[in-house]
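If you want our numbering, it's the 1-based position in the sequence shown plus 194.
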Amino acid sequence: MVTRRDLRRCQALVAGLPLPQPFSVPALVDALAARRGRPIHVRTLPPGSGGSACGAWIRLATADVIYVEEKTSRVHREHIVLHEIGHLLCDHTGAGGGAHPLARVLPDLSPELIERLLTRTGYSTEEEQEAELVASLIRTAAQARATWTTTGALREFETALGLRGTWE
Numbered sequence: 195m196v197t198r199r200d201l202r203r204c205q206a207l208v209a210g211l212p213l214p215q216p217f218s219v220p221a222l223v224d225a226l227a228a229r230r231g232r233p234i235h236v237r238t239l240p241p242g243s244g245g246s247a248c249g250a251w252i253r254l255a256t257a258d259v260i261y262v263e264e265k266t267s268r269v270h271r272e273h274i275v276l277h278e279i280g281h282l283l284c285d286h287t288g289a290g291g292g293a294h295p296l297a298r299v300l301p302d303l304s305p306e307l308i309e310r311l312l313t314r315t316g317y318s319t320e321e322e323q324e325a326e327l328v329a330s331l332i333r334t335a336a337q338a339r340a341t342w343t344t345t346g347a348l349r350e351f352e353t354a355l356g357l358r359g360t361w362e
C-alpha cells in the first residue's frame, strides 16, 4: 500500500519534472532524457513477449528503453509510457527470482539485465502502485498547466462572464 510519505515523495518527483508546454508524452521523454543526460528510447513490445504485460522499462548502461504494447489506444500507450517513467523516476529495481519469460524473446540480454527489467502484469506491489501514482500525477500536473485558448463567440461569452484568464 502506498503511504502518505510515498505520496509526498511521488508528488515531489513530479513537481521537479520538466513538463513541456504544450504537454506531450514524447516531449516529456525528450526533456527527461536531456535532464538525465542519457537517452530514453520508446519501442513497441516484441511480438510474443507473453503474459498480459503492456509495458516494460530496461535500464541499460548508457540509456533507458521503455517498451510499450502496440495494440492499444494512443491514450493507453501514453499512460504506459508515463507508468514506466514512474518506475524510472522512483528508481525501482523490480523483483528477482529466476529466469524471466522475456529471456525467450530477448535472448541477447544477460540474466542480470533481465532481472533489472521492469515488466509487470498487475498493480499489487508497492512499486507498481507508486509507478501508477506517478503516471497519474504527471497527467494531472500537465493538465493543470495546460493553456486553453478560445476565439470568436466563445471568447466573447467567456469575457462577458468574467472567465477570461481562467485558463490562459
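Backbone N, C-alpha and C define an ideal beta-carbon position, used for all residues, glycine too. Computed from a predicted model, the values in this text were never measured in an experiment.
- Taking the Cα of Ser267 as reference, the smallest distance to any Cα among Cys248, Ile260, Leu355, Gly280 is reached at Cys248.
- Non-local beta-carbon contacts of Arg229 in its own chain, meaning distances under 7 Å to residues more than five positions away in sequence, involve Pro212 in chain order.
- If you check the CB distance, Ala257 and Ile274 do not come in under 9 Å.
- Residue pairing from DSSP leaves Thr319 without any beta-bridge partner.
- Per DSSP, reduced to three states, the secondary structure at His286 is coil, with no helix or strand assignment.
- Here Leu331 has Cys204, Gln205, Val208 as same chain residues with Cβ atoms under 7 Å from its own Cβ, once five neighbours each way along the sequence are excluded.
- In the DSSP annotation of this structure, the continuous segment of the beta strand (DSSP E) that includes Arg237 starts and ends at 234 to 238.
- Per the DSSP secondary-structure output, Ile274 pairs with nothing in a beta bridge.
- In this structure, Gln323 lies away from Phe217, with their beta-carbon atoms at least 9 Å apart.
- Between the beta-carbon of Val262 and that of Arg271 there is about 5 Å, and that keeps the pair under the 8 Å contact cut.
- Annotated as distal: Val236 and Cys284, with beta-carbon spacing of 9 Å or more.
- Per DSSP, reduced to three states, the secondary structure at Asp258 is strand.
- Annotation: Val223 to His281 spans about 13 Å, alpha carbon to alpha carbon.
- A straight-line Cα-Cα distance of about 42 Å links Arg202 and Ala347.
- DSSP, read as helix, strand or coil, puts Ala250 in strand.
- Distances from the alpha-carbon of His286 to those of Val219, Phe351, Ala335, Ala325 put Ala325 closest.
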